[in-house]
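Residue numbers (the numbering used here): 25 to 366. Even for Gly, the Cβ is constructed at its ideal location relative to N, Cα and C. Keep in mind the model is a prediction, meaning the values are calculated, not measured.
Printed below as a string of structure tokens:
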């Protein structure tokens, strides 16, 4: 699928980008080029130690910001596939610096779209977030706007062989800024702060997120927002799995935070279909052929009023299951750290 292709990933030095690069290099030895596009030179330097261009001939590292349309145009010369992972993601920072978040997450998304249209890119997959469903914070609102831009871009591609799709998933286990590293850090204090004892979250591994994007590159029709079928966990169970000896101290929900993660709202249900491993939220305009999509993907429509949130999920991880997943995650971090030691 990706052999003999040139791929660019925006925000490629993040947790997802590094996992995506590792997977592509392992699975597709004949990938032509794999371009990491990001604005942080230190992170690119560190990633270059792990994936050096001298060893991995396909690797390229481009300093650039999605806010800069000219740099995107230059970086996308000869690119076949774009994965858009660049975003400002921290909810409190977005609330305090709203237009900076808009510049990256909304205007940057449009810059990516226009560069893809102008450079002959064939497949585009943009990463979204559960916070884009019925957003209650600015970050979620900007990602909803970004999702709409990528979906609508299919209506202006003309005769180009180009598909824009979106993947939306929730909490990635162990990613930077997530609750698991925070609880592990707080464990020695004897107290784990719990925002609300009723809180639940979806859980997806970084590898499952990468596999979903690879699936979308190969199979997405363009215009859909793909949502994975994944388990949930209770925040109190997660705390028990990480540190059963610690006090769970309720500190109150933070501004812009939800009790449960939502990925498909009741308002989305008329346009949502079940395609097996994933749900797909289909566009309602731009000449999208719903019947053809249902036939091609052997999809079925969901029930009227269907919703998909972490609190009403049918699949919950138990404390032993969480403990096992966390142990695997911690071992993975230890292996990476050992490789980095001189």
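DSSP state of residue i mapped onto helix, strand, coil
i: residue 58; result: strand
i: residue 108; result: strand
i: residue 254; result: coil
i: residue 316; result: helix
i: residue 85; result: strand
i: residue 232; result: helix
i: residue 26; result: coil
i: residue 217; result: strand
i: residue 330; result: coil
i: residue 11; result: The first residue shown for the chain is 25 and the last is 366, placing residue 11 beyond what the model contains.
i: residue 39; result: helix
i: residue 225; result: strand
i: residue 292; result: helix
i: residue 365; result: Interpretation of residue 365 is limited by its pLDDT of 46, a score under 50 that renders its predicted location unreliable; the figure taken from the coordinates is listed afterwards. Coil at residue 365, not helix or strand.
i: residue 77; result: coil
i: residue 196; result: strand
CB contact flag (residue i, residue j, <8 Å)
i: residue 135; j: residue 96; result: yes
i: residue 293; j: residue 255; result: no
i: residue 279; j: residue 119; result: yes
i: residue 286; j: residue 150; result: no
i: residue 166; j: residue 126; result: yes
i: residue 263; j: residue 272; result: yes
i: residue 187; j: residue 139; result: no
i: residue 283; j: residue 296; result: no
i: residue 192; j: residue 250; result: yes
i: residue 42; j: residue 71; result: yes
Boundaries (first-last residue) of the beta strand (DSSP E) holding residue i
i: residue 298; result: 296-298
i: residue 272; result: 271-274
i: residue 188; result: 187-191
Residue range of the alpha helix (DSSP H) that includes residue i
i: residue 175; result: 162-177
i: residue 120; result: 115-120
i: residue 266; result: 259-266
i: residue 66; result: 65-74
i: residue 278; result: Premise fails: residue 278 is in no alpha helix (DSSP H) and is neither H nor E.
i: residue 98; result: 93-99
Any non-hydrogen atom of the ligand GTP closer than 7 Å to residue i Cβ
i: residue 78; result: Because no ligand of any kind appears in the structure shown, any question about the ligand GTP cannot be addressed here.
Integer-rounded CB distance, given that residue j should sit under 8 Å from residue i
i: residue 196; j: residue 230; result: 6 Å
i: residue 87; j: residue 147; result: Residue 87 to residue 147, Cβ: 24 Å. No contact.
Would you say the stretch 119-139 touches the stretch 253-267, given that touching needs at least three Cβ pairs under 8 Å? no
Are three or more beta carbon pairs between the stretch 34-45 and the stretch 101-116 nearer than 8 Å? yes
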